[in-house]
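Q: Take a look at the following structure, please.
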Amino acid sequence: MNATPLQWDDSFLIGIDELDFEHRRLIDDLNRLLRELAAHDDKRGIEQCLGDIYARMHAHFALEERVMRNNKYADYDEHKSEHEDLLANFTEAMLTFINAGDIDSGGLVEDDLSRWLMQHILTSDRQMSAMIRDRSRD
Numbered sequence: 002m003n004a005t006p007l008q009w010d011d012s013f014l015i016g017i018d019e020l021d022f023e024h025r026r027l028i029d030d031l032n033r034l035l036r037e038l039a040a041h042d043d044k045r046g047i048e049q050c051l052g053d054i055y056a057r058m059h060a061h062f063a064l065e066e067r068v069m070r071n072n073k074y075a076d077y078d079e080h081k082s083e084h085e086d087l088l089a090n091f092t093e094a095m096l097t098f099i100n101a102g103d104i105d106s107g108g109l110v111e112d113d114l115s116r117w118l119m120q121h122i123l124t125s126d127r128q129m130s131a132m133i134r135d136r137s138r139d
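All residue numbers for the sequence shown refer to this note's numbering, where the first residue is 2 and numbers rise by one.
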């Protein structure tokens, strides 16, 4: 596996400090997993990374959903559904790896997870943040 690590830059900032912090941590965790996968020498290390990412995503999504509820975000249900879909897909890939040792089978980590995370931050999260900021100005 030769996935290119994700590089954090300020274009990923959505303007909600606690969510920006969590996004950066998710990218750091994903890059750690990519390094573990590239090394292919420690199944337990990969399993630990997968578990850490799952726990961080779950906690991050709960925080983000609380922010959306507290601000009466109009697209809450759709945004929450995106979170649920990613967690379901990630759980499936994680279990595939644990049971068969083959995380590459679905390409979730190398391509899909990285792409989803960036797309979600740059579109859905940015849209949510803009609505919250606009509402706070009213």
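All C-beta atoms, glycine included, are put in the ideal place defined by N, C-alpha and C.
1. How many angstroms separate the CA atom of H84 from the CA atom of H59?
2. Do three or more CB pairs link the stretch 5-19 to the stretch 42-55 at distances below 8 Å?
3. Is the distance from the Cβ of L51 to the Cβ of M95 below 9 Å?
4. Check this for me: beta carbons of E23 and E65, under 9 Å apart or not?
5. How many whole angstroms separate the CB atoms of M1 and M69, which I take to be in contact at a CB cut-off of 8 Å?
6. Using 8 Å for Cβ pairs, my map puts L140 next to S115. What's the rounded Cβ distance?
7. Mind checking H80: buried by the 16 CB within 10 Å criterion, or exposed?
8. Alpha carbons only, please: which of F91, H41, D43 and A75 is nearest the one belonging to A56?
9. Expressed to the nearest angstrom, what Euclidean distance is found between the alpha-carbon atoms of A131 and Y74?
10. Using CA coordinates, which residue listed in F62, D29 and F13 is at the minimum distance from T5?
11. What is the rounded straight-line gap between the Cα of D21 and the Cα of D10?
12. Between S137, L88, R33 and D42, which lies nearest to F62 when the distance is taken from Cα to Cα?
13. With H, G and I counted as helix, E and B as strand and the rest as coil, what does DSSP make of T5?
A: Let's see:
1. Position 83 of the sequence shown, counted from the first residue, corresponds to residue 84. Position 58 of the sequence shown, counted from the first residue, corresponds to residue 59. Those two C-alpha atoms are separated by around 9 Å.
2. no
3. Taking the sequence shown and counting its residues from 1, the one referred to as residue 51 is at position 50. Taking the sequence shown and counting its residues from 1, the one referred to as residue 95 is at position 94. Contact flag set, yes.
4. Counting from 1 along the sequence shown, the entry for residue 23 is found at position 22. Counting from 1 along the sequence shown, the entry for residue 65 is found at position 64. Contact flag set, yes.
5. Past the edges of the chain, shown from 2 to 139, lies residue 1, and the structure says nothing about it.
6. With the chain represented from 2 up to 139, any question about residue 140 goes unanswered, as that position is not in the structure.
7. Numbered from 1 along the sequence shown, position 79 holds the residue referred to as residue 80. Burial is judged here by how many other beta carbons sit within 10 angstroms of a residue's own beta carbon; H80 has at least 16 and is buried.
8. Locating residue 56 in the sequence shown gives position 55, where the first residue counts as 1. Comparing Cα positions, the closest option is F91.
9. Residue numbering aside, residue 131 sits at position 130 when the sequence shown is read from its first letter. Residue numbering aside, residue 74 sits at position 73 when the sequence shown is read from its first letter. Between the alpha carbons of A131 and Y74 lies a distance of about 10 Å.
10. Taking the sequence shown and counting its residues from 1, the one referred to as residue 5 is at position 4. Among F62, D29 and F13, the Cα nearest to that of T5 is on D29.
11. In the sequence shown, the residue the question calls residue 21 occupies position 20. In the sequence shown, the residue the question calls residue 10 occupies position 9. When only Cα atoms are considered, D21 and D10 end up about 11 Å apart.
12. Taking the first residue of the sequence shown as position 1, residue 62 is located at position 61. The shortest C-alpha separation from F62 is found at L88.
13. On the sequence shown, position 4 is the one that residue 5 refers to. Coil, per DSSP.
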